[in-house]
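K.L.:
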Amino acid sequence: MFKTILVPTDGSDISQQAVAAAIDYARCCGAAIVALSVAEPYPVVPVVDGALVIDPGLDSRELQAQARERVDRIAAAAAAAGVPCTTLVALSFHPHEEIIAAAAQHHCDVIFMASHGRRGLGRLLAGSETQKVLAYAQAPVLVFRPPLAERI
Numbered sequence: 001m002f003k004t005i006l007v008p009t010d011g012s013d014i015s016q017q018a019v020a021a022a023i024d025y026a027r028c029c030g031a032a033i034v035a036l037s038v039a040e041p042y043p044v045v046p047v048v049d050g051a052l053v054i055d056p057g058l059d060s061r062e063l064q065a066q067a068r069e070r071v072d073r074i075a076a077a078a079a080a081a082g083v084p085c086t087t088l089v090a091l092s093f094h095p096h097e098e099i100i101a102a103a104a105q106h107h108c109d110v111i112f113m114a115s116h117g118r119r120g121l122g123r124l125l126a127g128s129e130t131q132k133v134l135a136y137a138q139a140p141v142l143v144f145r146p147p148l149a150e151r152i
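See below:
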C-alpha cells in the first residue's frame, strides 16, 4: 500500500476535486500527503480555449503567496480528515519537473493528480503537465479525471 502520496495542485476546480479524492484515499490507506503547488514566474492565462497571454499584473511573490494558500488549504483539509500533510511551494516554468523532483525528494510512493482533459489546440498550446509527469516520473501516477459531464 502507498504510504506517502504527492498531491500537486494548481487550484483549479478539477484539481480541488482531485485533492479531496486524494485525502480520502490517504485516510483509507493510512498514508501521508505531500501537497505541492508550483507557481510560474510569469503566469500565462487562457483568454479562450488554446489562446494564452501573459498576465503582467501578477508578480512572482504574489503567485508564490497564492500557491502557499493552496497548499495550506490542502493541509487544513488533510488535518480535518486525520491525514498527515507536508506542504511545498515551488517557482518554475516547468511544473512537471517540480512534481517529479518533489516525488523523488520526499520518497513519495505515488503521485495523485488531476487531468484537465484538454484536447486539440488547447492541449497543443498549453501542453499537459499530467502527460509529462506520466512520461517521466519514476513513481506510479494516479490520474483523477473530471466526471464525463464536465469533459463534454
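Counting from 1, one number per residue, gives the positions in the sequence shown under UniProt numbering. For every residue, glycine included, the Cβ atom is placed at its ideal position computed from N, Cα and C. Given the structure is predicted, the values throughout are model-derived calculations rather than measurements.
In whole angstroms, give me the CA-to-CA distance for A76 and F144.
P.N.:
In a straight line, the C-alpha of A76 is about 21 Å away from that of F144.
K.L.:
Among the candidates C29, I33, H116 and H106, whose CA atom is the shortest distance from the CA of D13?
P.N.:
Checking every option, the nearest Cα to that of D13 belongs to H116.
K.L.:
Assign P41 to one of two classes, buried (16 or more other C-beta atoms within 10 Å of its C-beta) or exposed (fewer than that).
P.N.:
Looking at its Cβ environment, which holds fewer than 16 other Cβ atoms inside 10 Å, P41 is exposed.
K.L.:
So, at 7 Å on beta carbons, what are the nonlocal neighbours of L91 in its own chain, with the 5 sequence-adjacent residues on each side left out?
P.N.:
Only A39, P41, S60 and Q64 meet the Cβ criterion.
K.L.:
Using CA atoms only, rank isn't needed, just tell me which of F2, K3, T4 and Q17 is closest to P147.
P.N.:
The residue with the shortest Cα to Cα distance from P147 is Q17.
K.L.:
In whole angstroms, what is the alpha-carbon distance linking K132 and T9?
P.N.:
Near 15 Å, if we compare the C-alpha coordinates of T9 and K132.
K.L.:
Within 10 Å of its beta-carbon, does G1 have 16 or more other beta-carbons around it, so buried, or fewer, so exposed?
P.N.:
In the sequence on display, residue 1 carries Met and not Gly. So M1 counts as exposed.
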